[in-house]
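FYI, our numbering numbers position 55 of the sequence shown as 1019, with every residue one higher than the one before it. Here the structure comes first, spelled out in structure tokens, and everything after it is commentary.
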Amino acid sequence: MTLLSIIIFLLIGGISGWLAGLLITGRGFGMVGDIIVGIIGAFIGGFVLIFFGLAGLFGAGIVGAVIVAFIGAVILLSIIKIIKKI
């Protein structure tokens, strides 16, 4: 993994985590928190979309990666919000 790919990975995680934080909680979680949520969300989003056969729906590239990571981050934050209520 090159330095450029790591930077892109962190940028995608940060953008998707920030957007999901705005949607679910109304605010972000700070730069590090947004990146962590986005990175975990990317794994969740990728798994869920592959499981349902929708992996190719959003296309390749950075925009597709942000969308997939955003979907996963929203799922992650929704699960956390449900668990906190219990």
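From the three backbone atoms N, C-alpha and C, an ideal C-beta is built for every residue, glycine too.
Express the C-alpha separation of Gly997 and Leu1058 in angstroms, rounding to a whole number.
Because the chain in this structure spans residues 965 to 1050, residue 1058 falls outside the shown range and cannot be described.
Return the residue from the list Ile999, Gly994, Ile1031 and Gly981 that minimises the CA-CA distance to Ile970.
Counting from one through the sequence shown, the residue named residue 970 turns up at place 6. Comparing alpha carbon positions, the residue from Ile999, Gly994, Ile1031 and Gly981 closest to Ile970 is Ile999.
Which of helix, strand or coil DSSP assigns to Ala1006:
Residue 1006 sits at position 42 when you count from the first residue of the sequence shown. Helix, per DSSP.
Would you identify the three-state DSSP class for Ala984, choosing helix, strand or coil?
Residue mapping note: residue 984 aligns to position 20 of the sequence shown, counting from 1. In this structure, Ala984 counts as helix in the three-state DSSP scheme.
For Ile1050, the three-state DSSP class (helix, strand or coil)
By 1-based counting over the sequence shown, the position of residue 1050 is 86. Looking at Ile1050 - three-state DSSP - the assignment turns out to be coil, as it is neither helix nor strand.
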